[in-house]
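Worksheet for the structure shown next.
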Amino acid sequence: MIFPFVSVIRDGKTILSAVLFEVDENLTFEDLLYQADSDYVSEEVVRVDIQVRGTNIWHMVASGLNGCLRMSKKCLPNSKPSTNRNDQLYNDILELLRSKNLGWEYGTQNSLGVAFINKLVSLLYYLDDKHKTLKLRSLKIPSIFFQLPLYQQNSYYKNGTHHKTTLRRKELELHADKLEECVLQPWASKPSWNEIITATLELCSVARTYAKYLETVNLHVQRIQSSSAPARSPEKDSVLEMRSLSQKKFIPSNNNDSEEEGNG
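Numbering-wise (the working numbering), the sequence shown opens with residue 354 and increments by one.
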């Protein structure tokens with residue numbers, strides 16, 4: 354069931370204004386109109402517009418009265434069985450979006466929605482055990498993602514001998530490229546998505562900044578390896594300390610024979 358507010362305007366006159374209905378989401382807009390307007394005549398030319406809660410923007414329904422009411426409902430992809438940390442992080446993102454009352458138009462959640470979540474999960478998962486590494490470069494995961502349950506349960510790497518990945522410049526840039534492609538799509542420009550999209554772009558910036566740092570380090574190492582001069586030289590990298598020789602001191606022995614020899 355869904356609970357839309359319905360307004361009906363005929364010939365510039367408001368017939369119905371923001372009345373709440375309870376209807377089956379599998380019905381069509383025409384079914385809803387029959388309930389809302391007793392004067393409606395089948396095959397009458399009607400334009401259908403929908404508005405997502407929390408926004409002031411109306412969207413025309415191309416299929417008109419034949420459209421399914423579910424398209425007025427924000428939808429999320431299905432969750433995954435939490436068989437590994439990657440799936441757990443995927444489900445954490447779903448719950449975050451649900452808590453923010455976010456979703457995609459019906460029929461696009463399994464294409465646009467899954468693509469965005471998968472790419473966001475890929476970058477977050479790649480950085481999963483690298484929070485301290487990033488912090489050393491004054492970088493941090495955006496708080497909205499850092500508070501995800503998986504990131505708070507960081508005992509996976511602390512309490513075991515699990516393989517930890519090494520951050521690589523090309524992989525960081527590739528993750529950021531793919532994620533940024535998603536947030537350039539029209540759905541991401543809606544005001545309701547502002548908080549999530551801003552945090553996502555910040556995450557991409559973190560990845561790119563660290564990738565740039567790795568590139569700088571690699572170039573520095575290459576210059577040293579290709580240079581004919583040693584990386585360190587005694588003239589530049591040594592510290593000389595001048596000390597005076599200490600005078601030899603006589604230390605008497607506790608042996609009586611030695612003392613007698615000394616007196617003799």
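Just so it is clear, CB atoms sit at the ideal spot from N, CA and C, and this is done for glycine as well.
The three-state secondary structure of Leu429, taken from DSSP, is coil. DSSP places Phe382 in the helix class (H, G or I) of the three-state scheme. Scanning its chain for C-beta atoms nearer than 7 Å, with the 5 sequence neighbours on each side dropped, one finds around Leu473 the residues Ile446, Leu532, Thr553, in chain order. Under the DSSP assignment, Asp402 falls in the beta strand (DSSP E) whose first and last residues are 402-404. From the listed residues Ala560, Pro502, Lys453, Gly466, the smallest Cα separation to Gln538 is found for Gly466.
DSSP places Ser360 within a strand segment (E or B) once states are collapsed to three. Judged by DSSP secondary structure, Ile494 falls outside any beta strand (DSSP E); it is assigned neither H nor E. Here Ala371 is exposed, its C-beta having fewer than 16 other C-beta atoms within 10 Å. Under the three-state reduction of DSSP output, Ile410 falls in the coil class, being neither helix nor strand. Note on Trp411: under 16 other CB atoms within 10 angstroms of its CB, so exposed under the neighbour-count rule. When secondary structure is reduced to three states using DSSP, Thr486 falls in the helix class.
Beta-bridge partners of Val372 (DSSP): Val359. Beta-bridge partners of Trp457 (DSSP): Cys428. Going by beta carbons, Arg561 and Glu524 fall outside the 9 Å limit.
Between the C-alpha atoms of Thr551 and Ser579 there is a straight-line separation of about 42 Å.
Asp390 has its alpha-carbon roughly 11 Å from the corresponding atom of Thr367. With respect to Leu449, Tyr479 sits apart: the two C-beta atoms are not nearer than 9 Å. For Thr553, the three-state secondary structure derived from DSSP is helix. Burial is judged here by how many other beta carbons sit within 10 angstroms of a residue's own beta carbon; Gln441 has at least 16 and is buried. Look at Thr562 here: in three-state DSSP terms it is helix. Spanning the alpha carbons of Leu418 and Arg451 requires a straight line of approximately 28 Å.
Spanning the alpha carbons of Asn444 and Asn547 requires a straight line of approximately 21 Å.
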